[in-house]
Ligand SMILES: [Fe+2]
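Below is the structure:
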């Protein structure tokens with residue numbers, strides 16, 4: 006007597022694929038990984054069904070993703086850059102740092118944090134080897150959200166040059182130029198000197214540049230100084246203080262600029278006794294950073310050095 010075989014449960018059309026994939030992943034041990042990948046697959050499948058790419062478009066998209074990795078090296082992180090220009094980095098930043106407890110708002114780490122900046126004393130200039138450009142005198146305090154000073158807080162500072170290049174992009178700058186680590190005093194105060202940073206284009210020689218050109222987008226970021234402010238017992242603040250006028254801020258290609266982070270730089274066209282020895286024209290800015298209680302946590306530097 007012949008047995009009637011049950012038909013295999015197999016995919017018969019596009020409507021079946023998502024449920025088959027989700028079922029295949031159902032035994033994931035880590036519940037958070039399970040939730041994230043389930044949502045990722047669900048949304049990716051919806052995206053594919055909505056846009057209905059041709060096979061050529063699919064291959065093009067995969068090549069673009071592969072090129073992100075191929076263009077990532079010790080001095081450039083194309084993957085981070087892609088997340089930045091698509092607004093994903095800012096979205097994740099705002100989900101995790103909403104600023105609602107009175108703390109200073111955060112902003113993107115960016116692709117050029119190195120993590121090995123020289124230790125500096127209060128007032129030191131991070132523009133080394135006579136980097137030309139208008140001087141800036143930057144000072145402020147690090148406090149809790151209640152205004153209480155935080156002594157021995159650490160500020161890791163880095164910025165682009167007056168022509169808009171980070172030292173890792175520019176063979177004419179000394180290694181680790183325009184980078185420094187400062188510590189607050191008993192009143193939570195810090196101070197450093199530098200040169201005015203310029204706005205700059207993000208790197209456009211890779212797949213992210215191809216995308217920006219195809220979208221007729223300017224690759225520019227408004228001028229800014231990066232900070233990582235940290236202290237024991239406090240959540241580490243990763244942020245940027247912006248220099249530029251409103252138009253450049255509104256066109257930030259990575260969507261990092263936020264109104265409370267505009268630094269209020271003042272231009273001094275003549276000598277000012279409050280800044281002895283400062284040669285006009287120069288700029289000054291005072292900016293206070295407020296930290297919330299929490300556990301310090303430092304980012305992994307996206308790059309480790311420069312390519313020359
Ligand atoms: Fe930057």
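Residue numbers (my numbering): 6 to 313. Idealized CB from N, CA, C, for every residue including glycine. Every value quoted in this text rests on a predicted model; they were computed, and no experiment measured them.
Shortest gap from the CB of residue 226 to any heavy atom of ligand 1: under 7 Å. Listed in chain order, the beta strand (DSSP E) runs fully inside the stretch 87-161 are 140-149, counting runs of at least 3 residues. Beta-bridge annotation (DSSP): residue 16 is not paired with any residue. Counting only the Cα atoms, residue 79 lies some 32 Å from residue 250. Between residue 199 and residue 132, the C-beta gap is smaller than 8 Å, which places the two residues in contact. Non-local beta-carbon contacts of residue 301 in its own chain, meaning distances under 6 Å to residues more than five positions away in sequence, involve 235, 241 in chain order. For residue 60, there is no enclosing beta strand (DSSP E); the enclosing alpha helix (DSSP H) covers residues 60-75. Here DSSP, grouped into helix, strand and coil, assigns residue 41 to helix. The C-beta distance from residue 259 to residue 207 rounds to 7 Å, short enough to fall under 8 Å. Of all alpha-carbon atoms in 182, 271, 65, 22, the one lying nearest the alpha-carbon of residue 48 is that of 22. Residue 185 is bridged by DSSP to 162. Distances taken from the Cβ of residue 31 to the heavy atoms of ligand 1 include none shorter than 7 Å. Annotated as proximal: residue 167 and residue 201, with beta-carbon spacing under 8 Å. A distance criterion of 7 Å places the beta-carbon of residue 268 beyond contact range of ligand 1, judged by its closest non-hydrogen atom.
Within the DSSP secondary-structure output, residue 233 pairs in a beta bridge with 161, 243.
Taking a C-beta distance under 8 Å as the contact criterion, residue 83 and residue 211 qualify as a contact pair. Taking C-beta atoms as the reference points, residue 217 and residue 186 fail to come closer than 8 Å. A Cβ-Cβ distance of about 6 Å is found for the pair residue 143 and residue 197, placing them in contact under the 8 Å criterion. DSSP places residue 196 in the uninterrupted beta strand (DSSP E) bounded by 194-200. The Cβ neighbour count for residue 56, taken over all protein chains shown within 10 Å, is under 16; the residue is labelled exposed.
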